[in-house]
Structure formats: structure tokens, C-alpha cells
Amino acid sequence: MAPFEPVLTRGLGRLDLTDLSVYEAQGGFGALRKALRDMTPEAVVNEVSASNLRGRGGAGFPTGRKWSFLPNDGRPRYLVCNCDEAEPGTFKDHMLLEQTPFQIIEGLVISAYAIRAERAFMYIRGEFLEGYRIFRRALETARERGYVGPRIAGSDFSLDIVVHRGAGAYICGEETAMLESIEGKRGEPRLKPPFPANAGLYGMPTVVNNVETLCCVPHIVERGAQWFSSIGPPKCPGPKIISVSGHVRKPGNYEVPMGIPAGQLIEEYAGGLEPGRRLKAIQPGGGSSAAIFEEDLDTGLDFDSLAAKGTMLGSGGFVVMDDRTCLVRAALTLVRFFEHESCGQCTPCREGGQWVARMVGRLEAGEGSNADLAILRTLNRTLTGTNLCPLGDSIMPFLSSVLRRFPEEFETHVTQAGCPLAAEQAVAAGAGA
Ligand SMILES: Cc1cc2nc3c(=O)[nH]c(=O)nc-3n(C[C@H](O)[C@H](O)[C@H](O)COP(=O)(O)O)c2cc1C
Ligand code: SF4
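The numbering of the sequence shown is the numbering used here, which starts it at 9 and goes up by one.
Written out as C-alpha cells, the structure reads:
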């Protein structure tokens, strides 16, 4: 098989793709011209559907199908690009924003053309100040060159892009909370249905897509659905950027073919673990995902293979933990994050998050009991699937998975009134001093 050639990150780190002439010299905006000149909007939707592109924001929903849900009732339609990216362990959209903003703009314009939207919104996480500035500059340049605005590239299609900055709330990455935020309201998820396709931004038919999803679109238009669907598993194909962090020698963003085995990503891309270390757990899909373990290293990193293992690819935040990691502490960090970010609308998420954080906090501090452990073992059922949005469902998966796989580690926190690893590490540090 031919070696995998990067698609979305081609030239990054080598070329200055924030310079429009450099982007154009690499073939940039060729797909936009092709779509507007040679394809109807329906043809673009059909091509994207045939490619089997699945959304890269977390849920893996088929993009072409999402686009085809919009009703044909004459109301204005909106496209929203989700660049909120606050999932723990995920930092790929941040990189695309800062290093290849024209690819995002090209994807936005073609996708807006496909769904017949004349206004698009770019929602950028508040903390991404540098990325916001870079994107604004790129947008101005694209406007001056006729790639955004009235009658794009000499066609009949016009599109305005509005840039909206978030204010640092993780929940605003959830699509309906994001719509509320753009409308100037408090960022809280809406009850669904109605879905955004029917009643989205300002009550109009709306599509929300992730940055990386939109970046795939120009390549599908340029090189065809068949090329795209030949990369990785046919039902879940394409290039995928995985953000690798934690206990590997070369953390970073790696573009890989969808479906690459977890072990291959660690060894061939991320430089492996440090010598003498042993893998303990991996979060394959950001802070919301259940862990996989040493015995799962041949699992393909794609939506379906990970779902079959009881976890998810999510946003592609791949966090590696070696044998130095206290899993009680790792779980506590995540539970506290979700507790803090809960918008408070649902009782299981709001109250459950606080109780779980308190119980895991007690265990970590050496003040927990077997009763705490017994309750924690039942909470997956109570807290998952009982909330308005998936944030509440994200409190338990990692905790439950590591509690199931390493029960003795949690039990020792009770019997030894604290973390045995921390004690060992303190002794080792003392011996080395
Ligand atoms: C709490 C929460 C946070 C989310 N954060 C993001 C995010 O930062 N970026 C993103 O694209 N999707 C995020 N999502 C998923 C979005 O709701 C939505 O599914 C996605 O933007 C759709 O784009 P896609 O179909 O291209 O994947 C989040 C979902 C939840 C529940
Ligand atoms: S699950 Fe949590 S974050 Fe989501 S709507 Fe309910 S309270 Fe808000």
C-alpha cells in the first residue's frame, strides 16, 4: 500500500500557509473555483455524501446526510463553523486556525454553497486570541481577492462570513449552546427536537460543522469521493488529525489515515513511551471518552472500531498515561472539569457532577471509603443518558472504565489512606536526592 500522504496538514511547518499566495501556489481555492464553476450545490452535497465523510467534532455524524436534512422552504439558511475546541486533550482545530486559515475559509465557502447559505458564522474559542487575529486577517485578504463576499470568483454565489468569539465556556462547543451564544444569550444547550436543521440560528435552518470537517470538503471536491473513501475504513474514511499528549516522547498533532491502530500511532508517530515505562491507559477521544488499555493497542482509531470497544474517537484527543499515572487523580481532574463546566440545567449533571467530584476527591486525599467505591460503581447508569446534552454523559466514562480495569488501585487508596504511587514516587525522589 502507498504510504499515507498528509492532506489537511500538507506543508504545515514548512510553508507559510497564512500567506494567500503560498496557499494558492499549493492549489488552494482551486476546489472553490471548481465547485462554483462546474458543480451545482446538489452535486457538492452528493459528492460529500458519497465520500462517507463523518463529522470530526465528536459525534461522527455523516456530513452529507446532515446537509441534506435542511428543509426546502425558502427560509434563509446558516452555516456555523465550530472552532470552540475546549475538549481536554484536543488541539487540532487550534493548529488549523493558526496555520492554515484559508483552508478553513475555502471549506466554509464551498459548504455554504452546497447548503445554499448566504451567511456563515465562524465561532472561535475566546482563548484563541492569536488564531482569531490570524483568521480575521485571512478573511480580509480572502474578501479583497473575491473569495468571500458578493459574486464569489465571478459566480452568482455570494457569502458573508461573520466571526464570533466565545468567552471560554466548554459548553458553548455543544452546537445548540453555540447558537444561543451567537444570538447573544447565555450558552446553554437547547432541548432537541427541533434540531438545528429545522430551527437553528435565529430559528432558521442551520448546519453546524467542525473546523476539520469543513477542511476535508475542498479535498473531496478536488480529488473526488472515491479517493477520500479509499483512505481507511470505507464506512468511516479519510484523513484524521489526532492530538497526542501525555506520556509519549513526541506529543503533537499527527495526521493519519482513519483507522490506524492505536499502538502504531504511539510507536510510529509519537515516538513511543519513555524507555522502561509501561502503558497504563489511553483516552482515545478526549476527556469525555472511556479509556482503552494495553490489550487494546491493535484497535483502529475510527468511530466504529472505538465504539465497538465501548469508547469513542470523539474529537481525536489521544491522551497516553504510563505506569506513573495515578488513575484516581487522573479521574478526579476530569470529573472536576466537567463539574465546573456544567451549565446547570440538568439535575444528574449539575448535582451528580458535584457528588462524584467530592467522592473521588475524598479517595484521592486518602479519606475515601468502600461505600464511596460502591456508589461510584453504580453511577454510570444514573448519570449517563439522563441529561439534555452529552456533557453530563461525559462525567463517568473514564472513571468507570479505569475503576473496572484497575479496581485494586482505587481500593488501595482506601486501605492505605492515599495514593501508593505517590508514596513510591516520593521515596524514589528522596533516594535520588
Ligand atoms: C459539551 C460539548 C462540547 C463540544 N465541543 C465541540 C467543539 O469544541 N468543537 C466541535 O466541533 N464540536 C463540539 N461538540 C460537538 C458539537 O455539538 C457538534 O456535534 C459538532 O460541532 C458538529 O460538527 P461535525 O458534524 O462536523 O462533527 C461538542 C459537544 C458537546 C456536547
Ligand atoms: S448535561 Fe450538563 S451541560 Fe448539558 S445541558 Fe444538562 S446541565 Fe447543561
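Positions of the beta carbon are idealized from the N, C-alpha and C atoms, including for glycine.
Item	Value
Bridge partner(s) assigned by DSSP for K248	V264
Given 8 angstroms, three or more beta-carbon pairs between the region 34-48 and the region 103-119	yes
Cβ-Cβ separation, R344 to G352 (assumed contact under 8 angstroms), whole Å	So it is not a contact: roughly 16 angstroms between Cβ atoms.
Completely contained beta strand (DSSP E) runs for the region 120-158, where each covers 3 or more residues	127-132
DSSP three-state assignment for I290, whether helix, strand or coil	strand
Spatial neighbours of K74 in its chain, beta-carbon cut-off 8 angstroms, leaving aside the 5 residues before and after	G63, A205, V215, N217
Given 8 angstroms, three or more beta-carbon pairs between the region 294-302 and the region 257-268	no
Per DSSP, cross-strand counterpart(s) of F326	V252
Runs of alpha helix (DSSP H) lying entirely within the region 10-52, each at least 4 residues, in chain order	28-33, 38-46
Exposed unless 16 or more other CB atoms sit within 10 angstroms - verdict on Y31	buried
Contiguous beta strand (DSSP E) assignments of at least 3 residues, all confined to the region 196-223	214-218
Enclosing alpha helix (DSSP H) for I403 [first to last residue]	Note, I403: premise wrong, no alpha helix (DSSP H); not H, not E.
Beta-carbon separation (whole angstroms), G72 vs V56, contact threshold 8 angstroms	4 angstroms
Per-residue DSSP class, three states only, for D81	coil
Continuous beta strand (DSSP E) stretch holding D6: start and end	Here the chain covers residues 9 to 441 and nothing more, so residue 6 does not appear.
Residues that DSSP places opposite R62 in a beta bridge	P70
Nearest residue (CA-CA) to V52, options P398, E302, D401, R124	R124
Own chain residues within Cβ distance below 7 angstroms of R83, not counting five before or after	M212, P213
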